[in-house]
Every structure is written in C-alpha cells, then in structure tokens.
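In what follows, a single structure is set out as structure tokens and then discussed.
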Amino acid sequence: MTIMYGIKNCDTIKKARRWLEMHQPDYRFHDYRVDGIDAELLHKFIAELGWEALLNTRGTTWRKLDESRRAAITDANSAVELMLEMPAIIKRPLLCTPGKPMLLGFSESTYQQYFNEVQ
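Heads up: the sequence shown at position 35 corresponds to 41 in this note's numbering, and the numbers run straight through without jumps.
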C-alpha cells in the first residue's frame, strides 16, 4: 500500500489528496503532526532522496528561521534535527510504495505515471 506523507492543511497535500480520491489508488495518509515522524524514517527518506531535496527551503517555515539557524543546516544530521523539531519544513507530499522509488512533490502527470506503474 502506498503511504502519502505530509501535513493535512498544506495546499499541495489537499490537491494531491483530491487527485487520489478521484483516481482511487490504495493509499494511506500519514500526517507528520498527528502521526509523528522519527529520525529513523527521516534517514530512510534521506538515503533515497537526499536531505537537500527533503528540506523545503522555499516555504514559510524556512523563511521564518533566522539566518544563523539556516546556515547551521549543513548535512543530513542537522537537517534531520530541524525536521524533527519543525515537521512543516519537510517538503511534501512524499509517496512511498514498497518496491517503487519514492516520489516527492505533486503534479497530476507524475502521479498518473507513478500509479500506472504501481498497478
């Protein structure tokens, strides 16, 4: 079963979930704030995607950090520490399906392709 990771009030998550509801693949939603996130799972994501891809440096949460805090994020461990403290800074949505590469972000065309390959 596919798991979508994210935060339920995120606009991109809402779009992605609407797409999933319309196309009805078998999936489960995991909300970082409600269901939690741990370092082990973040390191699993980072092993496949890289910490730079997973860290949302274009969002409000990142922009609100002071410059010294942003400058301190220099490797996977410092990124994980920040993501555990502030899950909203994790780029989303993230799809994980056993046996398939992870998919980060949302576009209708990439979701269509991803789920056509999954089925």
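Quick reminder that beta carbons are idealized off the backbone N, C-alpha and C, glycines included.
Since the structure is predicted, the reported quantities are computational estimates derived from the model, not experimental observations.
Practice task
Kindly list the residues whose CB is nearer than 7 Å to the CB of Q125, restricted to its own chain and excluding five residues on each side of it in sequence; keep chain order.
Solution key: Along the sequence shown, read from residue 1 onward, the residue named residue 125 stands at position 119. Because Q125 carries a pLDDT of 49, less than 50, the predicted location of this residue cannot be relied on, and the following value inherits that uncertainty. Contacts found: none.
Practice task
Please list, in chain order, all residues of the same chain as L101 whose beta carbon is under 7 Å from its beta carbon, the five residues on each side excluded.
Solution key: By 1-based counting over the sequence shown, the position of residue 101 is 95. So the qualifying residues of the chain are T8, M10, M108, L109 and Y120.
Handout entry: Burial state of T85, where buried means 16 or more other Cβ atoms lie within 10 Å
Key = For this step, residue 85 is matched to residue 79 along the sequence shown. The question names Thr, but residue 85 is Ala in the sequence shown. Residue environment analysis places A85 among the buried positions, since at least 16 neighbouring C-beta atoms fall within 10 angstroms of its C-beta.
Handout entry: Cβ of T67 within 7 Å of any chain B Cβ
Key = Looking for chain B here will not work: only one protein chain is present.
Practice task
Consult DSSP for D41 and reduce its assignment to one of helix, strand or coil.
Solution key: Here residue 41 refers to the residue found at position 35 when the sequence shown is read from its first residue. In the displayed model, D41 falls within a helix according to three-state DSSP.
Exercise for the section: Report the rounded CA-to-CA distance for A82 versus K14, giving the unit in angstroms. Expected result: In the sequence shown, the residue the question calls residue 82 occupies position 76. In the sequence shown, the residue the question calls residue 14 occupies position 8. The straight-line gap from Cα to Cα measures roughly 25 Å.
Exercise for the section: Return the chain-ordered list of same chain residues with a C-beta closer than 6 Å to the C-beta of M48, the five sequence neighbours on each side being excluded. Expected result: Within the sequence shown, the letter at position 42 stands for residue 48. Strictly speaking, residue 48 in this sequence is Leu, with Met absent from that position. Here the set comprises V86 and M89.
Exercise for the section: Note down, in chain order, each residue of its chain lying with its Cβ closer than 6 Å to the Cβ of I43, except the 5 sequence neighbours on either side. Expected result: Mapped onto the sequence shown, residue 43 falls at position 37. Correct list, in chain order: P93.
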